[in-house]
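> One line per chain: the protein sequences are A and B, in this order. Throughout the first sequence, residue numbering follows the numbering used here, covering -10 to 250 in sequence. Throughout the second sequence, residue numbering follows the numbering used here, covering 365 to 689 in sequence.
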Amino acid sequence: MNLLACEKVHKNFGGLVAVNQVELKVDQGEIVGLIGPNGAGKTTLFNLVTGFLVPTSGKIVYQGKDITRLPPHVLGGRGLVRTFQKINIFPELTVLDNILIGRYLHIKAGFIQSLLQSRVQKQEEAMARERARQALEAVGLPGWEGQQAKNLPFGLQRALGISIALAAQPMLLLLDEPASGMNTEEKKHITEVIRRIHQSGITILIVEHDMNVVMNLCRRIIVLDYGTVLTEGTPEEVQHDPRVIEVYLGKGYKKNVIGAN
Amino acid sequence: MNGRLKKLFLFGLIALAFLFPSMVNDPYYQHILISTFLFVISAYGFNIITGIAGQFNIAHAGFIGIGSYASALAMTRLALSFWVALPMAVLVTITFGFLIGYPSLRLRGVYFALTTLGFGEILFLVFDNWIPVTGGPMGITGIPAPTPIPLPGGYQIAFESKAGFYYLCLVFVLLAIYVNRQLLHSRLGRAMLSVRENEDLAQSVGIPVARTKITAFLLATIFLGICGSLYAHYFRFISPVSFTAGESFRQATMLIVGGKGTLIGPILGAFIFTALPEFLRSVEDYQWIAYGVILMLCIVFLPNGIVGLVNERRARGTIGRAEDG
Chain A
-10 MNLLACEKVH KNFGGLVAVN QVELKVDQGE IVGLIGPNGA GKTTLFNLVT
40 GFLVPTSGKI VYQGKDITRL PPHVLGGRGL VRTFQKINIF PELTVLDNIL
90 IGRYLHIKAG FIQSLLQSRV QKQEEAMARE RARQALEAVG LPGWEGQQAK
140 NLPFGLQRAL GISIALAAQP MLLLLDEPAS GMNTEEKKHI TEVIRRIHQS
190 GITILIVEHD MNVVMNLCRR IIVLDYGTVL TEGTPEEVQH DPRVIEVYLG
240 KGYKKNVIGA N
Chain B
365 MNGRLKKLFL FGLIALAFLF PSMVNDPYYQ HILISTFLFV ISAYGFNIIT
415 GIAGQFNIAH AGFIGIGSYA SALAMTRLAL SFWVALPMAV LVTITFGFLI
465 GYPSLRLRGV YFALTTLGFG EILFLVFDNW IPVTGGPMGI TGIPAPTPIP
515 LPGGYQIAFE SKAGFYYLCL VFVLLAIYVN RQLLHSRLGR AMLSVRENED
565 LAQSVGIPVA RTKITAFLLA TIFLGICGSL YAHYFRFISP VSFTAGESFR
615 QATMLIVGGK GTLIGPILGA FIFTALPEFL RSVEDYQWIA YGVILMLCIV
665 FLPNGIVGLV NERRARGTIG RAEDG
């Protein structure tokens, strides 16, 4: 069964068509890449799927249910969690608090119980902290938990952003350019982290400019251009598709350069 | 400082606070501490909505005014006991908090600040012009002290004296600190911090942003109501000039200098701004000049307040160790 399906999803901003009748399906357990040149509508599509924008027309179905008009926090509660391209952390808070915020939905005791210092609340808090520490170790952030998130090096901030999303225990994780602005070493590391997340059973939809990262991770890639799905297929198919080459490199460019950078 | 030493220090401080009136019998110093305590309670309310949840409430002083007038009127006009007037004042303040917060906190950005700016001004005009009820610019005079609590055997706990009122305030100061402390270690408090830091990210991990902000504001107004009521029954006189936007900004400065969104910041800020100038009267002529300079330096060099500076120092220390090891 499809975990996520976009049915004729359309989004206008005034006269500009950002996403044009997009049909897209993601199956349970898949890791799907979404690529396309700047302005192709990738981030808009992400915003539509995660409830930050409402489509002009069309339908978004998740776990067999229509989620088209649901707000982001409700979708988060159903296991549809995203990361952001830019600021992906809570900068002034400690690394540990960043992760604990990600666990919001999985901590049950409310503020009243906290005021009464109930045993349930204390246990839950201690357990949440313990799990957060484990999560930090998993992404290579042990020993940083007391630091303010903004003080982490860039690459680790990205890793923290992903850990926050993981702490929410997603079913479907949407990653918005997780490797942008990274150096080669950091890219390798983040690719490994994402692969491990996928292997742990989480379905992933990933927007990424870096072809190496996408080609390495995904078995299926969807190419978006001018808000429409241009083509989709395996990395090899997409790499050799003349339309894709044209979109990225301009007309008359025959050589297979995409995968080689 | 390790945990046990910290606890000992804290208990010492609380014990000292309880013993203060018997150690220092001078009503002048007791008065300074009481007025500081009133600011401390208000600062912890401010801390919840502005420091922790990051929504600037410009009607801060106005809401204290609502609590003050509600409590004063309940005792002077309706002849109610203080122990009814206080919760009533809190209830009235929360109600206004809900009416203002519910629509404006659902929107993102400056709308809450703008709405509260406008609401604060409206409140001032109402306090200043609704003469039959509020007494207009002349305010309300002759507000009684809190009703004594009768004890078995004919004794009573009275609040006419400075010492009695001091203890009443101290109880609420401790309550305010406790609520803030538990908040910062709870799911709700972390949700508020996340809303301040990054609304989009907060939403994506399932945090209902609007509801969290509104809860923060209602929680804050509880303390503004308490502060207002205590203020009215301590000074026995209230008038509109105490509840202007200017007063809100003054208290915001306290919070910023102390360290917003932290546990120690509000009490530190309140003490620096109310107790310190009084205790430094010996250098009378230069007192306010020095004070102004310190304030400017704080805002320029300590954007996270004094608590922020201490935390950063500590963090730097641990990074150094991590790199060494």
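From the three backbone atoms N, C-alpha and C, an ideal C-beta is built for every residue, glycine too.
Can you tell me which residues form a DSSP beta bridge with A/C(-5)?
Locating residue -5 of chain A in the first sequence gives position 6, counting from the first residue. Partner(s): A/L13 and A/I49.
> Starting from the beta carbon of B/N562, find every residue of chain A whose beta carbon is closer than 9 Å, and list them in chain order.
Position 198 of the second sequence, counted from the start, is the residue given in the question as residue 562 of chain B. Simply F73, I76, N77, I78, F79 and P80.
> Can you tell me whether A/E114 is buried or exposed, with buried defined as 16 or more other CB within 10 angstroms of its CB?
Taking the first sequence and counting its residues from 1, one reaches residue 114 of chain A at position 125. Answer is buried; the Cβ neighbour count reaches 16.
> Does DSSP put B/R685 in a helix, a strand or coil?
Stepping through the second sequence from its first residue, residue 685 of chain B is reached at position 321. Per-residue confidence for B/R685 stands at a pLDDT of 40, beneath the threshold of 50, marking its modelled position as unreliable; the derived number appears in the next sentence. In this structure, B/R685 counts as helix in the three-state DSSP scheme.
> Below 8 Å on the Cβ atoms is my contact criterion, and I expect B/V537 with B/I405 to pass it. Report the Cβ-Cβ distance as a whole number of Å.
As a position in the second sequence, residue 537 of chain B is number 173, starting the count at 1. As a position in the second sequence, residue 405 of chain B is number 41, starting the count at 1. Confirmed, Cβ separation roughly 6 Å.
> Please report how far the alpha carbon of A/E19 lies from the alpha carbon of A/Q110, in whole angstroms.
As a working mapping, residue 19 of chain A is identified with position 30 in the first sequence. As a working mapping, residue 110 of chain A is identified with position 121 in the first sequence. Going from the Cα of A/E19 to the Cα of A/Q110 covers about 37 Å.
> Can you give me, in chain order, the residues of the region 5 to 28 of chain A that have a beta carbon less than 9 Å from any beta carbon in chain B?
none
> Check the Cβ-Cβ distances between B/P572 and every residue of chain A, and say whether any is below 8 Å.
As a first step, residue 572 of chain B is located in the second sequence; it is residue number 208 there, counting from the start. Cβ-Cβ to chain A under 8 Å: yes for B/P572.
> So, helix, strand or coil for B/F523, using DSSP?
Taking the second sequence and counting its residues from 1, the one referred to as residue 523 of chain B is at position 159. Coil.
> Classify B/Q419 as helix, strand or coil using the three-state DSSP reduction.
Counting from one through the second sequence, the residue named residue 419 of chain B turns up at place 55. Coil, per DSSP.
> Can you name, in chain order, every residue of its own chain whose Cβ lies under 6 Å from the Cβ of B/F401, other than the five neighbours on each side?
Taking the second sequence and counting its residues from 1, one reaches residue 401 of chain B at position 37. Counting only Cβ-Cβ distances below 6 Å, and skipping sequence neighbours, we find C533 and V537.
> Could you name the residues of chain B that A/S189 contacts, counting a contact when the two beta carbons are closer than 7 Å?
Reading the first sequence from its first residue, position 200 is the one you call residue 189 of chain A. Those within 7 Å of A/S189 in chain B number zero; the least Cβ separation is about 18 Å.
> What number of angstroms, rounded off, separates the C-alpha of B/A616 from the C-alpha of B/T480?
Translated into positions along the second sequence, residue 616 of chain B becomes position 252. Translated into positions along the second sequence, residue 480 of chain B becomes position 116. Cα to Cα, the separation comes out at about 14 Å.
> Does the Cβ-Cβ distance between B/A430 and B/G592 come in under 8 Å?
The residue you call residue 430 of chain B lines up with position 66 of the second sequence. The residue you call residue 592 of chain B lines up with position 228 of the second sequence. A small correction: the amino acid at residue 430 of chain B is Ile; Ala does not occupy that position in the sequence shown. Cβ atoms of B/I430 and B/G592: closer than 8 Å.
> So, using beta-carbon positions, are B/Y408 and B/F601 closer together than 8 Å?
Taking the first residue of the second sequence as position 1, residue 408 of chain B is located at position 44. Taking the first residue of the second sequence as position 1, residue 601 of chain B is located at position 237. No, Cβ-Cβ distance for B/Y408 and B/F601 is not below 8 Å.
> Quick one: any contact between the region 44 to 55 of chain A and the region 541 to 561 of chain B, if contact means 3 or more CB pairs under 8 Å?
no
> Using a Cβ cut-off of 7 Å, which residues of the region 81 to 93 of chain A contact any Cβ in chain B, in chain order?
Correct list: E81, L82, D86, L89, I90, G91 and Y93.
> Just mark A/Q188 as buried or exposed, buried being the case when its beta carbon has 16 or more other beta carbons within 10 Å.
In the first sequence, the residue the question calls residue 188 of chain A occupies position 199. The residue is exposed, with fewer than 16 neighbouring Cβ atoms inside 10 Å.
> Check the Cβ of A/V227 against every Cβ in chain B and list those closer than 9 Å, keeping chain order.
In the first sequence, counting from the first residue as 1, residue 227 of chain A sits at position 238. Result: empty, since nearest Cβ-Cβ is about 28 Å, beyond 9 Å.
> Alpha carbon to alpha carbon, how far is A/R232 from A/A168?
The residue labelled residue 232 of chain A in the question sits at position 243 within the first sequence. The residue labelled residue 168 of chain A in the question sits at position 179 within the first sequence. For A/R232 and A/A168, the distance between alpha carbons rounds to 25 Å.
> For A/V43, name the three-state secondary structure that DSSP assigns.
Walking along the first sequence from the start, residue 43 of chain A turns up at place 54. A/V43 falls in the coil class under three-state DSSP.
> Do A/T39 and A/V8 have their C-beta atoms within less than 8 Å of each other?
For the purposes of this step, residue 39 of chain A is taken as the residue at position 50 of the first sequence. For the purposes of this step, residue 8 of chain A is taken as the residue at position 19 of the first sequence. Result no, Cβ atoms of A/T39 and A/V8 do not sit closer than 8 Å.
> So, does the CB of A/H198 fall closer than 8 Å to a CB anywhere in chain B?
Translated into the one-based positions of the first sequence, residue 198 of chain A becomes position 209. No, no contact with chain B.
> By how many angstroms is the C-alpha of B/E611 removed from the C-alpha of B/A381?
Stepping through the second sequence from its first residue, residue 381 of chain B is reached at position 17. Stepping through the second sequence from its first residue, residue 611 of chain B is reached at position 247. Near 27 Å, if we compare the C-alpha coordinates of B/E611 and B/A381.
> Please confirm whether A/L149 and A/L194 have their CB atoms less than 8 Å apart.
The residue given as residue 149 of chain A occupies position 160 in the first sequence. The residue given as residue 194 of chain A occupies position 205 in the first sequence. No.
> If we cut at 8 Å on Cβ distances, does B/I495 have a partner in chain A?
Indexing the second sequence from 1 puts residue 495 of chain B at position 131. It does not; no Cβ of chain A falls within 8 Å.
> Would you mind working out which of A/M160, A/V202 and A/L59 sits nearest A/T180, comparing C-alpha positions?
Working through the first sequence from its first residue, we reach residue 180 of chain A at position 191. For the residues A/M160, A/V202 and A/L59, the minimum Cα distance to A/T180 belongs to A/V202.
> Report, in whole angstroms, the separation of the C-beta atoms of B/L552 and B/T579, which I expect to be a contact under 8 Å.
Here residue 552 of chain B refers to the residue found at position 188 when the second sequence is read from its first residue. Here residue 579 of chain B refers to the residue found at position 215 when the second sequence is read from its first residue. About 7 Å separates the two Cβ atoms, so the contact holds.
> Please state the DSSP three-state secondary structure of A/N172.
Mapped onto the first sequence, residue 172 of chain A falls at position 183. Three-state result, A/N172: coil.
> Buried or exposed, going by whether 16 or more other CB atoms sit within 10 Å of the CB of A/M204?
To locate residue 204 of chain A, count along the first sequence from 1; it is residue 215. Classification for A/M204: buried.
> Could you give the residue range of the beta strand (DSSP E) that holds A/R208?
The sequence position of residue 208 of chain A within the first sequence is 219, counting from 1. Note, A/R208: premise wrong, no beta strand (DSSP E); not H, not E.
> Using the DSSP secondary-structure output, state which residues sit across from A/G222 in a beta bridge.
To locate residue 222 of chain A, count along the first sequence from 1; it is residue 233. In DSSP, A/G222 forms a bridge with A/I210.
> Would you list the one or two residues that DSSP bridges to A/D165?
As a first step, residue 165 of chain A is located in the first sequence; it is residue number 176 there, counting from the start. Looking at the DSSP assignment, A/D165 forms a beta bridge with A/V196.
> Should B/F375 go down as buried or exposed, given a rule of 16 or more other Cβ atoms within 10 Å for buried?
Locating residue 375 of chain B in the second sequence gives position 11, counting from the first residue. Exposed.
> Output, in chain order, the set of chain B residues within a Cβ distance shorter than 7 Å of A/S152.
On the first sequence, residue 152 of chain A is found 163 positions in, with the first residue counted as 1. What A/S152 touches in chain B: nothing, since even the nearest Cβ is about 11 Å away.
> How would you label A/A249, buried or exposed, when you count the other beta carbons within 10 angstroms and need 16 or more for buried?
On the first sequence, residue 249 of chain A is found 260 positions in, with the first residue counted as 1. Confidence at A/A249 is low in this model, with a pLDDT of 45, below 50, so the placement of that residue should be treated as unreliable; the coordinate-derived value is given next. By the 10 Å Cβ count, A/A249 comes out exposed.
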